[in-house]
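Visitor: The numbering used here puts the sequence shown at residues 37 to 177.
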Amino acid sequence: MAGTNRGAFHHIDLCVSDIEASIRVYGPVLEYMGYRRVSGGSGAEWDLPAEGRGASLGLIPCDPALKDHGYRRYAPGVQHIAWRAESREDVDRLHALLVEQGIKVLDPPAHYPQYSGDYYALFFEDPDGIKLEYAHTPGWL
37 MAGTNRGAFH HIDLCVSDIE ASIRVYGPVL EYMGYRRVSG GSGAEWDLPA EGRGASLGLI
97 PCDPALKDHG YRRYAPGVQH IAWRAESRED VDRLHALLVE QGIKVLDPPA HYPQYSGDYY
157 ALFFEDPDGI KLEYAHTPGW L
């Protein structure tokens, strides 16, 4: 079916231990990328409008009984989440926003030729330690 981006992710929901702390990270980052916040309540959700090709990311409060379970990057489950950037300058601008907002940067913008020829990315993390990435990867995907 043309225009539906068949096989692409539709949405991702993350269980988080502290919804307000997570909103302080995901809100500025997603809104910088063009997402709009569409819901609140006990969680939060942002949509990236693009007819038939959009995406959504939701934050859900974790089960209080599991709050101390903790995220482990190399345990089974999500290792990291990466978003596409328009350019190297776009990556650099998000980096400046992260620093301004006090969001933990793991690795500042850099060229990673070991991933693909012109791979340029920055890595940061959310309050639960989930690794996040913003990458400009011309010629790859």
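For every residue, glycine included, the Cβ atom is placed at its ideal position computed from N, Cα and C.
The alpha helix (DSSP H) spanning LEU95 covers which residue range?
Guide: Segment 91 to 97 is the beta strand (DSSP E) holding LEU95; no alpha helix (DSSP H) there.
Visitor: Report, in whole angstroms, the separation of the C-beta atoms of PRO97 and GLY113, which I expect to be a contact under 8 Å.
Guide: Actually they do not touch by this definition, with Cβ atoms about 18 Å apart.
Visitor: Can you find at least 3 beta carbon pairs, one from the segment 155 to 168 and one from the segment 116 to 136, that sit closer than 8 Å?
Guide: A contact exists between the segment 155 to 168 and the segment 116 to 136.
Visitor: So, is MET37 buried or exposed, given that buried needs 16 or more other C-beta atoms within 10 angstroms?
Guide: Residue placement at MET37 is poorly supported in this model, since its pLDDT is 45, which falls under 50; the coordinates are not used for a value here.
Visitor: Could you tell me which residues DSSP pairs with SER75 in its beta bridges?
Guide: According to DSSP, SER75 bridges with GLU81.
Visitor: Select from ALA91, GLY106, ASP164 and PRO144 the residue whose C-alpha is nearest the C-alpha of LEU66.
Guide: Looking at the Cα atoms, ALA91 is the closest of the given residues.
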